[in-house]
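*Asks:* Quick one: the structure is below, questions incoming.
In UniProt numbering, the protein residues as written are 1 to 394.
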């Protein structure tokens, strides 16, 4: 069990407190029913021997699960939140496979969350579900693989910090991800540079790691003593004030963490970054009160924090407040960062050089199937000299 304080659950998926995941039926498959054509292309491999460590399977490369997924390699090693593999589907599509069981329910919670996301067509900020499959021992959530660097890699490429234009656009993506999560009744509970990846196709960030997302039990009408309020489980550097008092976090606390995250993107550091854990709270308070946190930054950053902290930590965040935060972030992007077009490059993007631009050679008389077409010599578009040359070669 993670430090989030998730409730104890029974083995019967139907009776779990949150009612948030599929029933525990052997061989359950959620997704399109395979067509006859697809069945022809089922994976022909076989299951290979594997060990179970901490409740999670250690599949070998090329191991086949239910003729649906073929293992390529394991990429996620935190058994507390389930195993993560790169796999291929029968049609060759690359997938990310999350694996859980009746004790490790995080992949099931992720599936429930993503299904709600897809109902609103907001998967571009998260991931898109390919299929869900459940057998006797394990639960499988397959997501379409989206290539792109982690935000940490983008930041490293830029020397540790972004300009206001790039940092603002990336922070706006994170804000929208947080807002969507809150609107669905969940909390993110963590912010770090590894959990967000840059999708090169859509040119926006998406949340690649959903393992920290939990239901916001403060919005639940159920008064169950087993339900524990979610706590912050992310890195100390972006933690909100309530974390230092060991209090549960709220939507407003996560927005507070977001502004620290935003400042870090454009400054490359925070005043308390190198402090001992016991000193972070007081350094944070002093740096905010004396203006050190926003030193060298335009006024919009301070206005963002004021908007977030104007109400108490446990007070709900209104739509007008979310709108105001987006408005201030856009001011930073366009007025401070001088971004004029959404297609403007990010700091870590560049245009190709002349040598990198593909060059195409167009032949007037292409060689078809290894031999010249006979009628090529009689085409009126050819000059007399070209026709003579070809005739002489014959």
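Note that beta-carbon positions come from the ideal geometry of N, C-alpha and C, so glycine has one too.
None of these values were measured; they are calculated from a predicted model.
Is it right to say residue 285 is buried, meaning 16 or more other beta carbons lie within 10 angstroms of its own, or is it exposed?
*Replies:* The sequence position of residue 285 within the chain shown is 285, counting from 1. Exposed: under 16 other Cβ atoms inside 10 Å.
*Asks:* With a threshold of 6 Å on Cβ separation, who are the neighbours of residue 150 within its own chain once the five nearest residues in sequence on each side are excluded?
*Replies:* Here the question's residue 150 lines up with position 150 in the chain shown. Within the same chain, residue 150 has close Cβ partners 194, 197.
*Asks:* Residue 260 to residue 81, Cα distance in whole Å?
*Replies:* Here residue 260 corresponds to residue number 260 of the chain shown, with the count starting at 1. Here residue 81 corresponds to residue number 81 of the chain shown, with the count starting at 1. About 26 Å.
*Asks:* Closest to residue 92 by C-alpha separation, out of 78, 70, 103, would be which residue?
*Replies:* As a first step, residue 92 is located in the chain shown; it is residue number 92 there, counting from the start. It is 70.
*Asks:* Are the Cβ atoms of residue 315 and residue 252 separated by less than 8 Å?
*Replies:* By 1-based counting over the chain shown, the position of residue 315 is 315. By 1-based counting over the chain shown, the position of residue 252 is 252. Contact flag set, yes.
*Asks:* Can you tell me whether DSSP reads residue 88 as helix, strand or coil?
*Replies:* Residue 88 sits at position 88 when you count from the first residue of the chain shown. Of the three classes helix, strand and coil, the one that applies to residue 88 here is strand, per DSSP.
*Asks:* Given that a residue counts as buried once 16 or more other Cβ atoms are within 10 Å of its Cβ, and exposed if not, what is residue 49?
*Replies:* Numbered from 1 along the chain shown, position 49 holds the residue referred to as residue 49. Exposed: under 16 other Cβ atoms inside 10 Å.
*Asks:* In the DSSP assignment, the beta strand (DSSP E) including residue 98 goes from what residue to what residue?
*Replies:* Your numbering for residue 98 matches position 98 in the chain shown. First-last of the beta strand (DSSP E) with residue 98: 94–100.
*Asks:* Threshold first: 4 residues or longer. Then list the alpha helix (DSSP H) segments lying entirely within the region 138–173, N to C.
*Replies:* Listed in chain order, they are 151–157.
*Asks:* Please state whether DSSP places residue 103 in a helix, a strand or coil.
*Replies:* As a working note, residue 103 is residue 103 in the chain shown. DSSP places residue 103 in coil when its eight states are reduced to three.
*Asks:* May I have a chain-ordered list of the alpha helix (DSSP H) segments no shorter than 4 residues that lie completely inside the region 219–259?
*Replies:* Counting only runs of 4 or more, we get 241–244.
*Asks:* Would residue 220 be called buried (16 or more neighbouring beta carbons within 10 Å of its own) or exposed?
*Replies:* Here residue 220 refers to the residue found at position 220 when the chain shown is read from its first residue. The residue in question, residue 220, is exposed, as its Cβ has fewer than 16 Cβ neighbours within 10 Å.
*Asks:* Measuring alpha carbon to alpha carbon, tell me which residue in 145, 76, 169 is nearest residue 340.
*Replies:* As a first step, residue 340 is located in the chain shown; it is residue number 340 there, counting from the start. Considering only alpha carbons, the answer is 169.
*Asks:* Please report the distance separating the alpha-carbon of residue 126 from that of residue 115.
*Replies:* For the purposes of this step, residue 126 is taken as residue 126 along the chain shown, with counting starting at 1. For the purposes of this step, residue 115 is taken as residue 115 along the chain shown, with counting starting at 1. Approximately 11 Å, taken between the alpha carbons.
*Asks:* Distance cutoff 8 Å, beta carbons only. Does residue 269 sit that close to anything in chain C?
*Replies:* This model lacks chain C altogether; it includes just one protein chain.
*Asks:* Check the C-beta distance from residue 202 over to residue 250 and give it rounded, since I have them as a contact under 8 Å.
*Replies:* Along the chain shown, one-based indexing puts residue 202 at 202. Along the chain shown, one-based indexing puts residue 250 at 250. No, residue 202 and residue 250 are not in contact; Cβ-Cβ is about 30 Å, not under 8 Å.
*Asks:* Spatial neighbours of residue 338 within its chain, please: C-beta separation below 7 Å, excluding the five flanking residues on both sides.
*Replies:* The residue you call residue 338 lines up with position 338 of the chain shown. Taken in chain order, the residues that qualify are 165.
*Asks:* Please list, in chain order, all residues of the same chain as residue 189 whose beta carbon is under 8 Å from its beta carbon, the five residues on each side excluded.
*Replies:* As a first step, residue 189 must be located in the chain shown, where it is residue number 189. 4, 212, 213, 214, 230, 231, 232, 233, 234, 249, 254.
*Asks:* Counting C-beta neighbours from all protein chains within 10 Å, is the total for residue 200 16 or more, i.e. buried, or is it exposed?
*Replies:* Mapped onto the chain shown, residue 200 falls at position 200. With fewer than 16 Cβ atoms within 10 Å of its Cβ, residue 200 is classed as exposed.
*Asks:* Please classify residue 208: does DSSP put it in a helix, a strand, or coil?
*Replies:* Looking up residue 208 in the chain shown gives position 208. Coil, per DSSP.
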